Each structure stands twice: as structure tokens, then as C-alpha cells.
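The block underneath contains the structure these notes are about, expressed in C-alpha cells.
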Amino acid sequence: MANTIELAQTGKRDYLISLEQKYQARWRDEGLFETNAPSKEELQGLSPAEIKEKYPKWFGNFPYPYMNGSLHLGHAFTISKIEFSAGYQRLLGKRVLFPHGLHATGMPIKAASDKVQREIEMFGEDFERYEEAAAEEKPKVSGNGPAVPAPVVGKATKGKVAAKATGLTYQFQIMESMGIPRSEVKKFADPHYWLSYFPPICVKDNDAMGNRIDWRRSFLTTDLNPYYDSFVRWQMNKLHQLGKIKFGERYTIYSPKDGQPCMDHDRSDGEGVGPQEYVALKMQVVEFSPAAKAVVEGNVGGRKVYFVPATLRPETMYGQTNCFVGPNIKYGVFAVNDTEAYVCTYRSARNMTFQGVFPVRGEIPQLTEVVGSALVGTKLKAPLGVMSEVYVLPMENVKDTKGTGVVTSVPSDSPDDYTTTSDLRKKAEFYKVDPKWLDFEPISVLRTEKYGDLTAVAVCKELKIQSQKDIKQLTEAKEIAYKEGFYNGVMTIGDFKGESVQEAKPKVRAQLIKMGLAFPYAEPESMVISRSADECVVALMDQWYLDYGEPVWRAQTEELLAGMNTWGSETRNLFEATLAWLNQWACARTYGLGSKLPWDPQFLVESLSDSTIYMAYYTVSHLLHGPDITGHTVGPLGVTVEQMTDETWEYIFCNGPWPNPEPFPKDKADAMKHEFNYFYPFDMRSSGKDLVQNNLTFLLYNHVAIFPEDKRPLGIRTNGHLMINGQKMSKSKGNSLTLRGGIEKFGADAMRLTLADAGDGVEDANFDEKTANANILRLHTLLGWCEEMLKDDSKLRHGPKSSYHDRVFEEEIIDLINITKSHYEATSFKDALKYGFYELQNIRDWYREVTSDVGMHADLVKYWIRVSTLLITPVAPHFAEHIWTEFLKEPKSIQLARWPEPGRAADRTVIEAGVYMRTTLKMIRDAETTLLKKLQKGKKGKADGPSFDPKLPKSVRIYVASRFPEWQDSCVQAIRDSYSVETDKVDDVKVRAILTENEMIKDKRAMPFIQAFKKRMSEIGATNAFRRTLPFSESEILAEFLPYLKKSLNLVDAEVLSVEVALQQAGPGFTPTIIESSEPGSPAFEYRNV
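Taking full-length UniProt numbering, the leading residue of the sequence shown gets 1, the next gets one more, and so forth.
Structure representation (C-alpha cells):
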């Protein structure tokens, strides 16, 4: 069932949406987001530092989305980080550039269009024969390939069409689920039709969100846009000339039958599937089981025999406890050379022979065959294992279509291994295993904060998995365990103990291979069938690749990272970990959409390699082809695509020499160079954290290789995935929401506020629909209040700001302006929203309440409205624009307004006084509540106090202390004497020694007070904590506060007394224990009837 809410009433939402559409039209008509560099004349004679000061700029961008569907709320979440920053930077007076490209390079669109074409051939142009075919048996694989998409998709198939679990079988059904009428689906058999259909939707959805995008600079990728194609060809040529692109041996999908690589367009099944790289462990046979010995030993020619399990987790090999085989799987023993032989499936051996494992490429030297059940009980050596020798055990879930058919077992971190060994232990006789083979416990390999030392054990317990037959839960458990271990795990054993799993993984892999205990092995991620009906393998083949990881290039990239802003250590750590393992990356493919490799046009530049420096293209695209995203219209400079040679691009972006003869007048190239030099490098790129391990790190490498040092990125921030109502977005769960759907359901500003509130770190964020719904009411109510206050201020106070509450309110506004600014600077939008929106309303509510007898001051109310409007402008611009234009009567758009800079810090004395008043009110109310609870239990106040009847008229005495109790002073002095300024730490042993010497160690009040005081030191700093005096007079503040106290608490009277004076009084209503409980900043209260 969908975990979503339905809105009962939509009138307020619809009103807000009408305002949003009104102001979006205004911004568009006024071209407010079209940003250009200052003119050459304006910048003439200015140094870079002077330009930065006089004409500051900010350039933000995010990964251009793929044009195979509408943007979803996850896109909106990542976009919002740039959008909110863009709004804030505009308020600072900067020229803000926020462009938006449209990605089409790669395989998904072409693969999906091919599927549409195949389904047209099967079912008719409008799929009219589908119902008839559906009633028959599901189509089988034929020479022309399967009629349905492959059930498993590879890494390359990342588009929304193929990668999302829709529960639908055919591509035309997926298109229908996207709102496309069946009669229109046939048009999508042409891949270029996708690029005319979805980009306009993307633009409209962004505009409906109110995003501050300069659409003049937009473009489509691929050779469909010849200008962008020219740019990519220049990039690839330059990398090639610099020696960054090389030709050599790489893993590739290969058809043995055809004798050549099987690229995507050569496949009848498995488009987008790539090589999956493993480590094949060499587990030497110590002693065969009797059944295996009878079959194997006489047929291997005296060779040492190794079981070769393929693993993706080499870092866990320390925890091996056994090895699994499928009891019904047939295994071969294959000769590696004259001295060694490997036990694995024939299918995996078929892959190995094209990877240099066997002597003759293409030959599979099988010595003998043995069924898996006969291998059970064989004793093996376990490389790196704490248990040096382990036994072969049966596992029903082993597949002969994945890996080598041999599985090494690590129960501590593999839920499958843990449940299977548990089952075998419980039913040893049934499974025909010797209990001594299972005489082990899971061995800790890594630790995570969430699951401890034994991840698999904890996850299985959490999901209530009972046995290896709980396939569905085990699939989920495996994903959880792997991700938790990889992203959050720390090694607890081995040479890399203490290092993160991300760091240790490649090191353990390299160590195993270097020691001769393992070898690299690869196979297709899932089955690939060529059009010749051959099952493909992975072969080592010569191909074009980018030489990432080359030591000098890597060192330069690490230097760039060190000086770059990442807005958080988590993102920096992800980059560092990726740079530690990333190496050669194939940069060409033969199927899909894209730009051709200039020197080898049989290949296309793959989609992650043509999207690394396109941010530079944004600075000139509007001059080359204007708003025509296909680049088929010559732009305002009149430069044709033929004139954009490599030499021209080099001149514009890299200060290369102007070509002679010149392709076009140099002043036109200078105009582009002027825009590039002003806006580049970009200031911020926002992206999902999953792109750090490829595209974002590629971006750093490419900028280092191609651009001058002063044009390298200034900052990259990342975010986690977006959940809805605490659950992962999923069409099958019914909680998937598109960007357009979010706007239609909640309105743009309510949605934007909720996106800001969702979270800012790399952990997964949460879009709470209840919060979004509440934001509709909050915005609508606030608009009404602002209109009421500004339309008629006769109910407000005028003249001098005579009330102390006026001063507190004004200082609190200033304080929140400064606090909010710090959070916007840190891109902490959740906190910016907290202080710049919610807390601002809280202080207004308090001010309105405490001045209810005299009224709020008109000037301060207007100041508050103005400040509140400006502070929320980055997040809720339509709401802000309406107040700014309609209520405050400002002639220019709020998009042109400036941050309300107070020019000073708030007066902390006044701020603390305000906090004191709120705290005191709460304490008095709590004191009455406590007293009433005691009365309800049959007690009459304190033992030595007078009776109190809450129904009778009442009064309260407030006791104010001028100094702390002596025992507290002694504790504070002990802490002070034990505190080190250099280390900012308190020596607890010394504190105890001092307390013992002062005979206070037995005082039960001492240690709790000391712990609380140390906590306060960590919160406000040691200097402030040791300064145990208030910056204001409690009595004076309470005197200002008394009228409100009496009114709000329904008191006949309230009086303030010092502790010294109160203790001298005698008679009812003066209870010594209550009076003495008062401390500076924490007065005591005593109720009485009058």
C-alpha cells in the first residue's frame, strides 16, 4: 500500500499555486535569471582581486539529468541545493549563473527505443496484438533475442526506463505508466524522438518549481548538437594528445562464436551489461573427500588442485570458515599448467580462457568432471583466513550461472553464509555433513556502528531470517550487509586493521594477488546473448581507456581536492577513497547516442567521459547557439560549427594561440573567452554521493589535465538519496513522486520548504508529506498576517520604542539574520530554514504575547516582515515575492533585493535576557504543575510549607540569588584547577583528588553537578562556563516581565525578592528550602493564596 497522504482540502494550495504561476511569468518576462559577465569596458584595468570585489560572481551547477523520462523528486532534491544557494548568492549582490543541460549520451534511450521497435514487430504498431499474445505462453529466447527486457540490468542501464522496478514487462507498458498514450508510443522507436519529447517537460517542470535557471545556456549532448559535439571532440583530442587516453588490454564483453567483442548493438539480450570484476581465490586442496578422491586424483597428472571461488569482498577473507559448492552442480577440473589445476564450473572456465588463465586462448583444458555432492568434505587451505584450513560444505542456493560455482564462506558478513551454516549445523544428518566440519563460530572481520562486529548475524536477526530458504529476506539482507560494511565498516583484523573498508578493500585484493593466493577474474554482470545466439564471456581485449590512477595525474588531482571546498568531511573522504582505488576507465563504446571518438570513429565517447568538463561549455553556449538546445541555429555571434576548431576551443578555454589563418574574427572568440574567464571556475557543483566513485572524480581528473590551475573547481557538495515519508521511493510501493507531481500536490514553495527541511548531509534525506501539507497552511496563514499588519497598523504602537521587549525583539531579529546567514554559507539549508523561518516566527509570537497589553511596535513589525521575507527568499521565492511586491510595495522584484545586513552582531546581553524571560516563564509554570501534582497525591505543598488551594486567588513570590551555593563554587574551583587550556580537557582523576581533599567526594550533589558543568563547557566553551555571573540584572528583567507574568499566569500579584531579604522574613509563604534552592539565572518560586 502506498505510504502517501491525500489532501482533503486544496483551496489554500491552489491559491498559493496561482501566485507561483503569476510570479514565474513575471520573472520569465523580465529575464531575471539571464546572467551575463560585466562588459569588457567595466573590467578594463582591474586585477582579478578587484574584479572579484567589484563584480562578484557565483556559478553553480548539478549533473544534467538524463532525458528518458520526467524528473522525479530526487532530482528536485539535488537541484534544490544549487537553487537555494543561487537564491542566497543573488541576495549578496553577486552575478549568479545557474545553467541546466540535458543529457542524452549513452545506451539507455537507444536500448529502450530498440525495445519499442521489437515490440512493434511483435504486437503491431499500436500493440493491438498484445492482449492476444499475453494469453499465450510467455515468448522464449529466439535467434532474434528475447521479447522482454532482461530481468537483470547492468551498471550502464541507469536510465529511469530500465533501472526502476516498475513491475511491468514490456517497454510500451513502461511508456504508458509515464503518461504516454499507447497510440503515441510508436514514435519512441526513434531514439531522437525522446530528445524532442522530454526536454520541454524538463524545462516546464523546473520553471514550475521556480528555479533560477538561465535557459539560454541549455543544450542537448550527443552529436545531435554539433557545437557540443565539437566541444567534446576537442576535449577527447586534447586528452589523447596529452597521453591521458591510451590503447591497451581491458576487460570487454566478447562472443567466442563471432570471434570479436560483442558491443551493445550486437546483442539480442543484455544491452548495457558490462564486465563484473572479481578476485578468484586459490584454495589449495589439502585432502579430497573419499568420493572426490576416487574421481579426481587419477586424472590430474599430479597437479596441485585449487578450488577457485570468485569474490567481490576480498577484505572479508580473514573470516573464512568453510567453502560451499552446489551439491547438484557439475564441476570441472581444468589444467592451468603442468603443476596446477582449478575446480570451477565450465561456464567460468570459458570466461577464464579468454583472460589468459589457461595456456591457449580459447581452449578449455578440462581434465575431469565431478558432481558437487562428491566434493563435500574436502579439506582446503583458506588464504589469509584465521582458520588456516576449512571444509567444503553443500549449499542449495549456489548458482552455476554466477561466479565460478564455488563460494567461500564468511558467516560474519554474509547473511547467506550465516544462515546456511546454521541450517547445516541444525540438520547435519539430513545434509550428510560431519558436525566437526562445522565446529566454528563467525569470525569478526569488520565493525560498523549500527551492526557491531558481526554484521550478517545482526542483520539476519533484525529481519527475522530463519533459514537459507528465506530467499526474499536474504536478498534484502545481503544488500544491507554489503552497503553497511562498505560505506561504514572499519577493519578489525589483518594488515589493514583500523582502516575503513573502502580503503582496505583494494589493498587486500592487491595483497592476495601479489602473494599468489588469488588472481583477477571477470564475467558479464548478467547473461549476454549475441545476435548469433552465442552466450558471451568477458575477454581481455585492446581498447581505448582513460589512464586514471596514473601516479602523477593522481597526485595533481589529490592536490586539487585538498584545496577544494566539499562542505563536509564525508564527501572529502569519499573522494579520497575513490582516488585511492580508481584506475583505467574504458572511454569508448559502439552502441547508443553520443559523439564519435575523433581518431577512431567506429567508437562513441561513453556517457561518463563526455560529461566531465561541460560546465565550461555553459559559459559560451548562449553565444554559439542561443536557446536552441540542438545547436542547429547559429547564435548571436554568427559563428558556425565548422569554425569551432580544436585550436579555437584551445584559445577560448586554455589561452592557446589564436589560429592563423583565423577561422572567424578574433573579437568573437574574445567575447566567448571573456564570459569563460569571468564565470569560471564554477563555485559549486551539487550531486548525489553515488557519483563520487565515477563521474565526479573523473571531473577532477579532467579539469587537472585540461585547464589552467586557476580554472579548476572551487567546490563540490554531495547529498544522499531522498526518501518519501521515511521509505525509499519506489513505483512498486506507490510512493514515487515526480517533480511535477510534487508541485501539483503541494505547490512549489511548500514543496521547496520540505526539500530544505529534508536534510543536507550525505545520509539519506526524508521528504515528509505531512510537513509539506503543514507548510501550505503555514505559508497561507503567514501571508494573511503580513497583509493584515501592513494594511492597517492602527492597532500597532507608534512613537519611541519604549518597551524593553522592543529591544529584545530587535536584537533577536538581528541575531537570527546573522545565524541564518552562517547556515546559508555552509549550505546547511535545514538549519537556515529553522532559524530564518521557523525561529523568526517563534520570536514574533513571543513578542506579540508579551506586548499584548501595550501592543507591538509598528516599525518593528514592518522590520520583521521585511527581514523574514528576505531570509526565506532562497527557499520560498514566490511567497517572498508576493509580500515584497504586494504588501511592502517594492517596485523591483525580490530577485533583485539584497540581504538585510545589520552590520553588527546582536547584543548578547539582551539576547540572554530574552532567553531568561522565556525560561523563567516555563519554570514558573512547571513549579505550579509540580505543586498541583503533589496536591493531587494528597500532599499540602512541601512538608514545611503552607497549604495552597489552586482554586482561590493566588500570588507568587520570585526569589533571586546573587551568588551560587558554596558547595557549587567548590566544585567549579576543583574543575578549574584540573582544566588544561592547551588540551581543552579536564583531568577527572585530579578533580576526584581535590574533592577528596575538601571532603566533598561523598556529597551526592557533587558528581552530577560536575558532569553537568563539563557538558556546559563543551557547549559554550570553558571561558564562558567559568564566568558564572549573569550579564544582566535579574531583578530588573523580572520587573519588566512582571506585568506579563501576572496576566499570563492569572495572578493577583507577583513580587521579586532577593534570597537574603526573603530569608529574613518570617511567617507563612516564606519557605526556607524553596528560597535556598534559588541560583543565579535560576530563580525559585513560591505560590500562595491571597
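Glycine residues also receive a C-beta, built at the ideal position from the N, C-alpha and C atoms.
The model shown is predicted, which means the values in this text are computed figures rather than measured ones.
For residue 604 and residue 106, I'd like the C-alpha separation in whole angstroms.
Distance from the CA of residue 604 to the CA of residue 106, rounded to the nearest whole angstrom, comes to 9 Å.
Simplified DSSP assignment, three categories, for residue 425:
DSSP places residue 425 in helix when its eight states are reduced to three.
With 16 as the cutoff for other CB atoms within 10 Å, does residue 571 come out buried or exposed?
The residue in question, residue 571, is buried, as its Cβ has 16 or more Cβ neighbours within 10 Å.
Residue 319, DSSP secondary structure in three states:
Three-state DSSP puts residue 319 in a helix.
Rounded to a whole number of angstroms, what is the C-alpha to C-alpha distance between residue 146 and residue 592?
At residue 146, the pLDDT of 31 sits below 50, so the modelled position is not reliable; the number obtained from the coordinates is stated separately. If I take the Cα positions, the gap works out to 19 Å.
My output table needs one value for residue 486: the three-state DSSP class, helix, strand or coil.
In the structure shown, residue 486 sits in a helix (DSSP, three-state: H, G or I).
Give me the DSSP bridge partner(s) of residue 452.
Bridge partners of residue 452: 448.
Taking buried to mean at least 16 other C-beta atoms within 10 Å of its own C-beta, is residue 515 buried or exposed?
Sixteen is the threshold: since fewer than 16 other Cβ atoms of the shown chains lie within 10 Å of the Cβ of residue 515, the residue is exposed.
Straight-line CA distance for residue 669 to residue 39?
Their Cα atoms are separated by approximately 15 Å.
Taking the straight line between their C-alpha atoms, what separation do you get for residue 795 and residue 31?
The straight-line gap from Cα to Cα measures roughly 40 Å.
What does a CB cutoff of less than 7 Å around residue 1089 pick up in its chain, not counting 5 residues either side in sequence?
Contacts found: 948, 949, 952, 953, 954.
Is the beta carbon of residue 684 less than 9 Å from the beta carbon of residue 85?
Here residue 684 is near residue 85, since their CB atoms are less than 9 Å apart.
Can you tell me whether residue 262 is helix, strand or coil according to DSSP?
It is coil, neither helix nor strand.
Considering only C-alpha positions, which residue in the set 545, 822, 641, 1000 is nearest to residue 223?
From the listed residues 545, 822, 641, 1000, the smallest Cα separation to residue 223 is found for 641.
May I ask you to list the residues that DSSP assigns as paired with residue 896?
Partner(s): none; residue 896 has no beta bridge.
If you drop the 5 nearest sequence neighbours on each side, which residues of the same chain put their C-beta closer than 8 Å to that of residue 490?
Excluding residues up to 5 positions away in sequence, 446, 447, 448, 498, 499, 500, 501 lie with their Cβ nearer than 8 Å to the Cβ of residue 490 in the same chain.
So, residue 664 versus residue 608, is the Cβ gap smaller than 9 Å?
Cβ atoms of residue 664 and residue 608: not closer than 9 Å.
Could you give the first and the last residue of the continuous beta strand (DSSP E) run that contains residue 651?
From DSSP, residue 651 is part of no beta strand (DSSP E) but of the alpha helix (DSSP H) over 646-654.
Can you give me the C-alpha to C-alpha distance between residue 834 and residue 555, rounded to a whole angstrom?
Using only the alpha carbons, I get a separation of about 41 Å.
Taking the CB atoms as reference points, tell me whether residue 1010 and residue 981 lie closer together than 9 Å.
Not in contact: residue 1010 and residue 981 (Cβ atoms no closer than 9 Å).
Determine whether the beta carbon atoms of residue 394 and residue 281 lie at a separation below 9 Å.
In this structure, residue 281 does not lie closer than 9 Å to residue 394 by Cβ.
Return helix, strand or coil for residue 464, following the three-state DSSP convention.
DSSP places residue 464 in coil when its eight states are reduced to three.
Look at the alpha carbon of residue 1108 and the alpha carbon of residue 1052, and state the distance between them as a whole number of angstroms.
No answer is possible for residue 1108: it lies beyond the span of the chain, which begins at 1 and ends at 1090.
Alpha carbon of residue 1077 to alpha carbon of residue 1040, nearest angstrom:
Residue 1077 and residue 1040 have their C-alpha atoms some 23 Å from each other.
Since residue 476 sits in a beta bridge, which residues does DSSP pair it with?
Residue 476 is not bridged to any residue.
Rounded to the nearest angstrom, what separates residue 78 and residue 406 at their Cα positions?
Approximately 42 Å between the Cα atoms of the pair.
Exposed or buried, which one is residue 7 when buried takes at least 16 other CB atoms within 10 Å?
Burial call: exposed.
Give the single residue among 179, 587, 840 whose Cα lies nearest to the Cα of residue 542.
The option with the nearest alpha carbon to residue 542 is 587.
Note down, one range per segment and in chain order, each beta strand (DSSP E) of at least 3 residues found wholly within the segment 243-306.
For the segment 243-306, whole beta strand (DSSP E) runs of length 3 or above, ordered along the chain, are 245-255, 267-269, 275-281, 283-287.
For a quick check, are the C-beta atoms of residue 17 and residue 748 less than 9 Å apart?
It is a contact, given that the beta carbons lie within the stated cut-off.
Could you check how far apart the C-beta atoms of residue 877 and residue 964 are, in whole angstroms? I think they sit under 8 Å.
Actually they are not in contact, since the Cβ atoms of residue 877 and residue 964 sit about 50 Å apart, beyond 8 Å.
Drop a sphere of 10 angstroms on the beta-carbon of residue 242, count the other beta-carbons inside from all chains shown, and report buried for 16 or more, exposed for fewer.
Exposed: under 16 other Cβ atoms inside 10 Å.
So, helix, strand or coil for residue 635, using DSSP?
In the structure shown, residue 635 sits in coil (DSSP, three-state: anything other than H, G, I, E or B).
Leaving aside the five residues before and after residue 190 along the sequence, list all residues of the same chain whose C-beta is less than 7 Å from its C-beta, in chain order.
Within the same chain, residue 190 has close Cβ partners 113.
Three-state secondary structure (DSSP) at residue 41?
Helix at residue 41.
Once you ignore the five residues that flank residue 553 on each side, which residues in its own chain have a CB closer than 8 Å to its CB?
Once the five neighbours on either side are set aside, the close Cβ partners of residue 553 are 244, 547, 701, 704, 705.
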